[in-house]
Amino acid sequence: MSLKDNLHESAAALRQRLGERTPVVGIILGSGLGPLADQITDAVKVPFAEVPHMKRSTASGHVGQFVCGSLGGTQVLCMQGRLHGYEGHTPQEVAYPVWLMHELGIGTLITTNAAGAINESYQVGDFCIMKDHINFTGRNPVVGTEPDELAMRFFSLYEAYDPELRALARRVAEERGIPVREGVYLGLLGPSFETPAEIRAFRSWGADTVAMSVCEEVIAARHVGMRVLGISLCSNMACGVEGANPSDEEVFQVAQTREGDFCTLIREVVSSL
Ligand code: HPA
1 MSLKDNLHES AAALRQRLGE RTPVVGIILG SGLGPLADQI TDAVKVPFAE
51 VPHMKRSTAS GHVGQFVCGS LGGTQVLCMQ GRLHGYEGHT PQEVAYPVWL
101 MHELGIGTLI TTNAAGAINE SYQVGDFCIM KDHINFTGRN PVVGTEPDEL
151 AMRFFSLYEA YDPELRALAR RVAEERGIPV REGVYLGLLG PSFETPAEIR
201 AFRSWGADTV AMSVCEEVIA ARHVGMRVLG ISLCSNMACG VEGANPSDEE
251 VFQVAQTREG DFCTLIREVV SSL
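Under my numbering, the first residue of the sequence shown carries the number 1, and numbering increases by one thereafter.
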């Protein structure tokens, strides 16, 4: 079966589980940011394992299920947990749920993650709206002949992060008194954190934040013409910045302390769509 056939089959199976729900926004929740899914009302939960052709999430703290329902009055399909390249998933497998969202008629993707701050003026706990990315994973989900059946092979990543959605997120943040940054995100394969020398190099390239997700999802979303908003929580200073030595525990602890503002920010953005 081709990628396209698989997507049809996955969408049909998922649609059956969603009943009358017709999500218009897709949300991917990163490390420690899963609690937003608990705010979805009239929710139906579908584990990734119950959707044909979907891979399972093996990352710690990633529940690995779709949660579909209403958030701030808007119908959403939320991924509580994501798939990462470092888990051993291929780029196409990582991108698959994004293409599946598109297949379900979802036109907007909000992708979130916990990230290390490279920019020395940022602080732990800051939110950063992605204005662009540097894909340093060395991978691209659109490689091969099968994605070519979904949409054109060559496509632009100019303003991949939708300027209107970014403006909306800035406005919501300001109204709610939540400080936000706007910066360039750099994505890596992981799972090792970076070296201080790498972080210095990335800073000289113009990167403000770094983590191990997002780029493949955003490329897949733009491939099929979805609008994209990306938001990072700076869970730590990147390796070597102010002597930082990041750990997984720190990432989850900080996410927990910023959960309230994160939920407010995303919910209010979604309700304005
Ligand atoms: N580096 C890479 N990935 C991350 C980091 C980091 O500092 N923080 C959270 N995810």
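Backbone N, C-alpha and C fix where the C-beta goes; we use that ideal spot for every residue, glycine too. Just so you know, these numbers come straight off a predicted model, no measurement behind them.
Item: Rank Glu249, Gly30, Arg203 by C-alpha distance to the C-alpha of Glu120 and give the top, closest one.; Value: Arg203
Item: Please find out if some non-hydrogen atom of ligand 1 comes closer than 7 Å to the beta-carbon of Phe193.; Value: yes
Item: Name the DSSP beta bridge partners of Gly69, please?; Value: Val76
Item: So the beta strand (DSSP E) Arg227 belongs to, where does it begin and stop?; Value: 227–237
Item: Check whether the Cβ of Cys239 sits closer than 7 Å to any heavy atom of ligand 1, and report yes or no.; Value: yes
Item: With the cut-off set at 8 Å, would you say Thr195 and Gly116 are in Cβ contact?; Value: no
Item: Checking 8 Å against the spacing of the C-beta atoms, do Arg222 and Leu273 come in under that value?; Value: no
Item: Whose C-beta lies closer than 6 Å to the C-beta of Val67 among residues of the same chain, with five residues either side of it excluded?; Value: Ala37, Ile40, Ala43, Lys45, Cys78, Gln80
Item: From Gly69 to Leu18, what does the alpha carbon distance come to, in whole angstroms?; Value: 8 Å
Item: Since Glu194 is in the beta strand (DSSP E), which residue starts that stretch and which ends it?; Value: Neither: Glu194 is in no beta strand (DSSP E) and is coded neither H nor E.
Item: Any heavy atom of ligand 1 closer than 7 Å to the CB of Pro196?; Value: no
Item: Need the endpoints of the alpha helix (DSSP H) that Pro91 sits in, please.; Value: 91–103
Item: Looking at C-alpha atoms only, which residue of Gly183, Leu233, Cys263 is the closest neighbour of Glu250?; Value: Leu233
Item: Just reading off the alpha helix (DSSP H) that Glu175 is part of, what are its end residues?; Value: 163–175
Item: Contact defined as beta carbons within less than 8 Å: I believe Leu71 pairs with Arg267. What is the distance between those atoms, to the nearest angstrom?; Value: 6 Å
Item: Is the distance from the Cβ of Glu217 to the Cβ of Ile28 below 8 Å?; Value: yes
Item: Give me the Cα-Cα distance between Gln123 and Tyr161, rounded to the nearest whole angstrom.; Value: 23 Å
Item: Measuring straight from C-alpha to C-alpha, what distance separates Ala207 and Asn245?; Value: 18 Å
Item: Tell me the residue span of the alpha helix (DSSP H) that contains Thr264.; Value: 248–271
Item: Provide the residue span of the alpha helix (DSSP H) that contains His8, from first to last.; Value: 3–18
Item: Can you give, in chain order, each stretch of the alpha helix (DSSP H) that sits fully within the stretch 25–49 and has at least 4 residues?; Value: none
Item: What's the call for Ala49, buried or exposed, on a 16-neighbour Cβ count within 10 Å?; Value: exposed
Item: Return the residue from the list Arg21, Phe262, His62, Gly190 that minimises the CA-CA distance to Asn135.; Value: Gly190
Item: Do Glu103 and Leu3 have their C-beta atoms closer together than 8 Å?; Value: no
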